[in-house]
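What follows is a single structure, written as structure tokens, with notes after it.
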Amino acid sequence: MQVKSLVVGLCAAYLAAGAVSAAECSLSPEAQAGKAVSNKCKSCHVFEADKPSRPTVAPNLHDVYESLPASRKDFPKYSEGMLGAAAKKAIWTDSALFDYLGDPKAYLVKVNGADVKHAMYFQLKDEQMRHDVIAFLKAIKGHPECN
6 MQVKSLVVGL CAAYLAAGAV SAAECSLSPE AQAGKAVSNK CKSCHVFEAD KPSRPTVAPN
66 LHDVYESLPA SRKDFPKYSE GMLGAAAKKA IWTDSALFDY LGDPKAYLVK VNGADVKHAM
126 YFQLKDEQMR HDVIAFLKAI KGHPECN
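Take the sequence shown: its letter number 35 is residue 40 in my numbering, and every next letter is one higher.
Written out as structure tokens, the structure reads:
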């Protein structure tokens, strides 16, 4: 009986010390770089699976990769451009995200076929940084442990 108590106690101490985690997020170097670049976006966006969108500012982007634009139900203020892109069944693929991050207005005009109102003015001109952010978004998609 004492051995069993000792084993249970050691296992509990081991887990409490953080030596083993139930779920661990492992990011490639490119995704890690993208996570760092995404800090530029955090004044408006959230990238944490367990957090809601910022309803007056911007949607949570944790699971945006391969989704439709304007698909977060907890964000009520999508722009005309985003709603139009969703209506046209645009998907946030590598190519779409690359173009959007580089020039949101140009991307939304191309997808919508006309000049539309939009709310994203930040442009990430550096191509490698855009690739890194996309790698980060791909890596965290469907992985709530990756925030």
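By construction, the Cβ of each residue, glycine as well, lies at the ideal position given by its N, Cα and C atoms.
ask   = Whose C-beta lies closer than 6 Å to the C-beta of P57 among residues of the same chain, with five residues either side of it excluded?
value = D79
task = Look at L106 and V138 and say whether their C-beta atoms are less than 8 Å apart.
result = yes
request  = Following the continuous alpha helix (DSSP H) through M87, name the residue where it begins and the one where it ends.
outcome  = 85–92
query = Can you name the start and end residues of the alpha helix (DSSP H) that F141 belongs to?
reply = 132–145
key: Start and end residues, alpha helix (DSSP H) containing G39   = 34–42
request  = Please determine, among S33, K115, L102, Y126, the residue with the shortest C-alpha to C-alpha distance to E71.
outcome  = In terms of Cα proximity to E71, the closest of S33, K115, L102, Y126 is L102.
ask   = With a CB to CB cut of under 8 Å and the five nearest residues on each side skipped, what residues in its chain are close to A111?
value = Closer than 8 Å at Cβ, skipping near neighbours: D104.
request  = Would you decide whether P109 is buried or exposed? Buried here means 16 or more other CB atoms lie within 10 Å of its CB.
outcome  = buried
Within 8 Å, strictly: CB atoms of P81 and P60 = Judged by their CB atoms, P81 and P60 are nearer to each other than the 8 Å cut-off.
request  = Using a threshold of 8 Å, state whether the C-beta atoms of C49 and A63 are closer than that.
outcome  = yes
task = Could you tell me whether the Cβ atoms of M134 and V51 are closer together than 8 Å?
result = Going by C-beta atoms, M134 is not nearer than 8 Å to V51.
query = Are the beta-carbon atoms belonging to A144 and N117 less than 8 Å from one another?
reply = no
key: alpha helix (DSSP H) segment containing G107, residue limits   = 99–107
request  = Taking V121 and E85 to be in contact with their CB atoms under 8 Å, please state how far apart those CB atoms are, rounded to whole angstroms.
outcome  = Indeed, because the Cβ distance is near 5 Å, the residues count as touching under 8 Å.
Nearest candidate by alpha-carbon position, reference M125, set D131, Y83, K146 = Y83
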